[in-house]
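Numbering (full-length UniProt numbering), first residue to last: 1 to 176. Everything below concerns the one structure shown next.
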């Protein structure tokens, strides 16, 4: 029983170890993020597609809805860049702090479902976003790391429960 309990613990730790490097890299990028970098993104009149994509994903992470707008052809769409300009980009220092202190252990499933398409979009890769903006590269890495961490936690949770059960059973066996 002790070997079985240890195997469960090791498996859970391996899963967590898989997510932590991405999480650490994203947090390190946030430390390098400067207020001026974010202010530069905010001031863009016609942002590149990579910036728009990153701001859309960031708005989703923070539960911010797009602002109703019309494109050049008069078609209505949700403008997440404008939404970002009037909310999260208003205070660069607060945005950096909010990302660093984001409650990564309790990301609502609704947000994860909305973020999933970004994870499958080849344009939402740090190397692609880097062509558009240094600040958005770090933010893209952060969004991706939060998503990955959430999915790893989902895999680890049942193992933690299994581990607790196995440890309790082991204690009963050892005590008997």
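Ideal Cβ placement from N, Cα and C applies to all residues, glycine included.
Give the DSSP bridge partners of residue 79, in chain order. 67, per the DSSP bridge assignment.
First through last residue of the alpha helix (DSSP H) which encompasses residue 100: 92-100
Minimum C-alpha distance to residue 83 - residue among 64, 57, 51: 64
DSSP three-state call for residue 38: helix, strand or coil? helix
If I follow the unbroken alpha helix (DSSP H) through residue 54, where does it start and stop? 49-61
Looking only at its chain, what residues have a beta carbon closer than 6 Å to the beta carbon of residue 37, apart from the 5 residues adjacent to it on each side? 134, 135
Does DSSP put residue 6 in a helix, in a strand, or in coil? Here residue 6 sits in helix by DSSP.
Do residue 122 and residue 137 have their CB atoms nearer than 8 Å? no
For the 8 Å Cβ check, are there 3 or more pairs between the stretch 20-27 and the stretch 106-121? no
Identify whether residue 124 lies in helix, strand or coil by the three-state DSSP scheme. coil
Whole angstroms is fine: what's the gap from residue 30's alpha carbon to residue 62's? 16 Å
Applying the criterion that 16 or more other CB atoms from any shown protein chain within 10 Å of the CB defines a buried residue, is residue 174 buried or exposed? exposed
How would you call residue 45, buried or exposed, if buried means at least 16 neighbouring beta carbons within 10 angstroms? exposed
Nearest by alpha-carbon distance to residue 130: which of 53, 168, 81 is it? 53
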